[in-house]
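There are 2 protein chains.
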Amino acid sequence: MGLPEIAPGDDLSRQIVDARKKQGLVIREGDIFVVAHKIVSKSEGKIISLDSIEPSERAVQWATQYHKDSRVIEIVFREANRIVRMERGVIVVQTRHGFVCANAGVDLSNTPGGTAILLPEDPDRSARTLQAQLSKAFGVPVAVIISDTFGRPWREGLVNVALGVAGVAPLFDYRGKLDGSGKKLQATVIAVADEIASAAELVMGKADRVPVVVVHGLRIADHPGSGRDLIRSPETDLFR
Amino acid sequence: MGLPEIAPGDDLSRQIVDARKKQGLVIREGDIFVVAHKIVSKSEGKIISLDSIEPSERAVQWATQYHKDSRVIEIVFREANRIVRMERGVIVVQTRHGFVCANAGVDLSNTPGGTAILLPEDPDRSARTLQAQLSKAFGVPVAVIISDTFGRPWREGLVNVALGVAGVAPLFDYRGKLDGSGKKLQATVIAVADEIASAAELVMGKADRVPVVVVHGLRIADHPGSGRDLIRSPETDLFR
Numbered sequence: 001m002g003l004p005e006i007a008p009g010d011d012l013s014r015q016i017v018d019a020r021k022k023q024g025l026v027i028r029e030g031d032i033f034v035v036a037h038k039i040v041s042k043s044e045g046k047i048i049s050l051d052s053i054e055p056s057e058r059a060v061q062w063a064t065q066y067h068k069d070s071r072v073i074e075i076v077f078r079e080a081n082r083i084v085r086m087e088r089g090v091i092v093v094q095t096r097h098g099f100v101c102a103n104a105g106v107d108l109s110n111t112p113g114g115t116a117i118l119l120p121e122d123p124d125r126s127a128r129t130l131q132a133q134l135s136k137a138f139g140v141p142v143a144v145i146i147s148d149t150f151g152r153p154w155r156e157g158l159v160n161v162a163l164g165v166a167g168v169a170p171l172f173d174y175r176g177k178l179d180g181s182g183k184k185l186q187a188t189v190i191a192v193a194d195e196i197a198s199a200a201e202l203v204m205g206k207a208d209r210v211p212v213v214v215v216h217g218l219r220i221a222d223h224p225g226s227g228r229d230l231i232r233s234p235e236t237d238l239f240r
Numbered sequence: 001m002g003l004p005e006i007a008p009g010d011d012l013s014r015q016i017v018d019a020r021k022k023q024g025l026v027i028r029e030g031d032i033f034v035v036a037h038k039i040v041s042k043s044e045g046k047i048i049s050l051d052s053i054e055p056s057e058r059a060v061q062w063a064t065q066y067h068k069d070s071r072v073i074e075i076v077f078r079e080a081n082r083i084v085r086m087e088r089g090v091i092v093v094q095t096r097h098g099f100v101c102a103n104a105g106v107d108l109s110n111t112p113g114g115t116a117i118l119l120p121e122d123p124d125r126s127a128r129t130l131q132a133q134l135s136k137a138f139g140v141p142v143a144v145i146i147s148d149t150f151g152r153p154w155r156e157g158l159v160n161v162a163l164g165v166a167g168v169a170p171l172f173d174y175r176g177k178l179d180g181s182g183k184k185l186q187a188t189v190i191a192v193a194d195e196i197a198s199a200a201e202l203v204m205g206k207a208d209r210v211p212v213v214v215v216h217g218l219r220i221a222d223h224p225g226s227g228r229d230l231i232r233s234p235e236t237d238l239f240r
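Residue numbers (my numbering), protein chains in the order written: chain W, 1 to 240; chain H, 1 to 240.
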């Protein structure tokens, strides 16, 4: 669904409810709202003016070398808990939330000029809040996934993934179930919340301002859900 | 769509056409057939009997240490062009095709006992063949994506990705387009073929034997397509 421009302090759930009414969409029990993180961050005021940033020497150095804006690089450093890779003009970090992504998710598109948008403070909390508000407004339990597009090692292009999750199981565990030939399936845990986010991206479009997509008919069991479950723990991370 | 068990030499397109008829599905121009690689490999005879494998000393050593089948490990080694990581019981390789994935995509579920299924020899070629056959059979141009579920560094769970692509652009390039605030979008290339594969996985189900999913209504421009375009080149790979 299309939404008007979101500003800090806006009631996002109300905007979604209004857009739903205008567009005549029917919301049913179990529908999943995939929401681009950008409008969540905007409504939460996670916008930062570049002019307010005093870049460190390290940020200036890197920015000069790779023709970037040193203030943006400084924001990336501040949003990072840990630098994973920093070479060939690319900065991959682990954010305070635990997400490993390029530029700490700091975003310069679809923002007012001279500002950058950060990731939501706590995407799971944002998802839970929105889920409660939307479930109440629509009178049926719905789920919420807050998404962003991330790059991947080894594969070209970005895909949409789930940062915050509420009301849907982020992982579906097939282990112990039988396959078509009667053998137990092993090591088959599917990141369904990421797949739902990816599916939704196909109708979002980057430039088309469709920041909310309603996914209907998946019949995924009710589950409190958490985006944190999708973050790999250091013990199984071979690519730190 | 559900399909009967596929065996080497089976005409996969005929099986899909038959299943379509039985299930009364309408196929329209531009529909995208997402096909689990496993049935493609089976029809192409890419099944290997474990008893035919003489494991190397290295395979035996690794298998003993991590309680694996040394014959399977030997197949993984043979399918690999390059070992990316080999530790803590996990083997991540780059396959002969260029895909970086665990165990070279060698699969033991949904296979006859004592056999392993390999990736198709050339997934793009398989996709093109199937696309031509299905387009002819249905009388409208359709697209084909051959998919497999891959793990990711940093994120838990597998997601379905595109190995072979025919008739749909694997990447959608937003660069140069304007965002909602009139600024040029940068560095925004979306891996749509991977997202389509992920979307399809949500209805495939691992154990439910739904190896073909028809995606309708995406209106993605006609494009020859290639799964190779989704493989990151060594020059931009920070995680070799």
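Virtual Cβ for every residue (Gly too), placed ideally from N, Cα, C.
For a cut-off of 8 Å, the C-beta gap from I32/W to V161/W is around 14 Å, too long to register as a contact. Spanning the alpha carbons of E44/H and L130/H requires a straight line of approximately 12 Å. A direct Cα-Cα distance of roughly 32 Å separates I146/H from V60/H. Taking 7 Å as the CB threshold, G30/H stays off the interface with chain W. Not one beta carbon of chain W lies nearer than 7 Å to the beta carbon of R82/H. Beta-bridge analysis with DSSP links T115/H to S49/H. Interface residue (Cβ-Cβ distance to chain W less than 7 Å): L25/H is not classified as such.
Cβ contact annotation for M1/W (same chain, cutoff 6 Å, sequence separation greater than five): A19, Q23, V212, in chain order. Counting only runs of at least 4 residues, the region 130-204 of chain H fully encloses the following alpha helix (DSSP H) elements, listed from N- to C-terminal order: 192-204. From the beta-carbon of K136/H, no residue of chain W is found nearer than 9 Å; the closest lies around 27 Å away. The beta-carbon of G217/H is placed no less than 7 Å from the nearest beta-carbon of chain W. Neighbourhood of I231/H in chain W, by CB distance below 9 Å: W154, R155, E156, in chain order. Annotation: F99/H to S135/W spans about 42 Å, alpha carbon to alpha carbon.
Residue range 90-95 is occupied by the beta strand (DSSP E) that includes T95/W.
Taking a 10 Å sphere around the C-beta of P112/H, we find fewer than 16 other C-beta atoms and assign the residue as exposed. DSSP, reduced to helix, strand and coil, places R128/W within a helical segment of the structure shown. For V72/H, the enclosing alpha helix (DSSP H) stretches over residues 70-79. Residues of chain H with a Cβ closer than 8 Å to the Cβ of R85/W are, in chain order, L238, F239. In the DSSP assignment, I231/W falls outside any alpha helix (DSSP H), carrying neither H nor E. I117/W is positioned such that its CB atom lies closer than 7 Å to that of D107/W. Neighbours of I39/H across chain W, judged by C-beta separation under 9 Å, do not exist; the nearest C-beta is about 11 Å away. Distances from the alpha-carbon of K177/H to those of V168/H, R88/H, A166/H, V189/H put V189/H closest. The Cβ atoms of I53/H and E74/H sit closer than 7 Å to each other.
The beta carbon of L50/H sits no closer than 7 Å to any beta carbon of chain W.
Of V72/H, S41/H, V93/H, Q94/H, the smallest CA-CA separation from D122/H is found for S41/H. Around the Cβ of D11/H, a 10 Å sphere holds fewer than 16 other Cβ atoms; the residue is exposed. Interface annotation, L119/W: not in contact with chain H, CB-CB separation never under 7 Å. Annotation for A63/H: the continuous alpha helix (DSSP H) segment containing it runs 57-66. Between A127/H and A166/H, the C-beta spacing is below 7 Å. Cβ-Cβ distances below 6 Å link G89/H to Y66 in the same chain, with the five nearest sequence neighbours on each side left out; the list follows chain order. Contacts with chain W at 7 Å (Cβ-Cβ) include E195/H. Proximity of I190/H to chain W, defined by a Cβ-Cβ separation below 7 Å, is satisfied. Going by beta carbons, V140/W and E29/W fall inside the 7 Å limit. In the structure shown, V40/H falls within a helical segment according to DSSP collapsed to helix, strand and coil.
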